[in-house]
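Residue numbers (our numbering): 11 to 206.
Backbone N, C-alpha and C define an ideal beta-carbon position, used for all residues, glycine too.
Every value quoted in this text rests on a predicted model; they were computed, and no experiment measured them.
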């Protein structure tokens, strides 16, 4: 897994109510309908901002897409950090992570992983959108490996590889098939890799 520059994730854009509306509207539309299927004009209209306001915050659609993915990445980082902080032991933290993935798959309106979806729409590995996906995946893998390492797991990096692959498969299976079956299969397989 290549390691994209973390500096892009750490940029702090200027916050405003209009920017927040643009991002939340884009997130809703991109996730529900697909990134390439939703044009900037539609985002502008549904966010109820002017074209000038849009371009003041985002030089173009690709910047909006990257900001959407970075916001989703931050949401997941915050949830994982909170879970790791509140868990009593590393095994408990991994259990919370597994349960959280299952809850996401069973949530109303679930349409798969936003990062997998974005990577499918932006296959060029050099594109900023694809790089935003890789930044998230590299962090996610590292967070799992670190939790396993902290818990004394004998193969934290390999097991993190397997857990990420299981999660990816469960996300796709949960969207395309029965979400309860996907969650049960994922949970059973993932928990078998974590020593009690």
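My guess is that residue i and residue j are in contact by the Cβ rule of under 8 Å, so how many angstroms apart are they, rounded?
i, j, result
"residue 200", "residue 115", "With 8 Å as the limit, residue 200 and residue 115 do not qualify as a contact, their Cβ atoms being about 12 Å apart."
"residue 57", "residue 85", "That pair is no contact at about 19 Å."
"residue 63", "residue 28", "5 Å"
Sorted by chain position, which residues of the same chain lie with C-beta nearer than 7 Å to residue i's C-beta, five sequence neighbours on each side aside?
i, result
"residue 192", "115, 180, 183, 184"
"residue 36", "53, 74, 78"
"residue 129", "140, 143"
Using the Cα positions of residue i and residue j, report the straight-line distance between them to the nearest angstrom.
i, j, result
"residue 190", "residue 176", "15 Å"
"residue 186", "residue 197", "18 Å"
"residue 170", "residue 151", "6 Å"
"residue 126", "residue 72", "17 Å"
"residue 195", "residue 67", "42 Å"
"residue 122", "residue 174", "14 Å"
"residue 60", "residue 38", "19 Å"
"residue 138", "residue 70", "12 Å"
"residue 134", "residue 147", "16 Å"
"residue 50", "residue 41", "15 Å"
"residue 205", "residue 140", "34 Å"
"residue 164", "residue 88", "27 Å"
"residue 17", "residue 149", "Model confidence at residue 17 stands at a pLDDT of 41, short of 50, so the residue's coordinates are unreliable and nothing is read from them."
"residue 106", "residue 55", "39 Å"
"residue 132", "residue 33", "19 Å"
"residue 188", "residue 90", "25 Å"
"residue 104", "residue 65", "41 Å"
Should residue i be labelled buried (16 or more other beta-carbon atoms within 10 Å of its own) or exposed?
i, result
"residue 11", "Bear in mind that a pLDDT of 40 at residue 11, under 50, signals an unreliable position, so the number given afterwards is only what the model happens to contain. Residue 11 is exposed by the Cβ-count criterion."
"residue 98", "exposed"
"residue 25", "exposed"
"residue 136", "exposed"
"residue 119", "exposed"
"residue 117", "exposed"
Tell me which residues share the same chain as residue i and place their Cβ nearer than 6 Å to its Cβ, disregarding the 5 neighbours each side in the sequence.
i, result
"residue 100", "157, 160, 161"
"residue 124", "41, 82"
"residue 14", "At residue 14, the pLDDT of 41 sits below 50, so the modelled position is not reliable and the matter cannot be decided from this model."
"residue 111", "177"
With a threshold of 8 Å on Cβ separation, who are the neighbours of residue i within its own chain once the five nearest residues in sequence on each side are excluded?
i, result
"residue 155", "166, 167, 169, 170"
"residue 172", "203"
Task: Inter-stretch contact (C-beta, 8 Å, three-pair minimum) for the stretch 40-55 and the stretch 72-92 - done: With three or more CB-CB distances shorter than 8 Å, the stretch 40-55 counts as touching the stretch 72-92.
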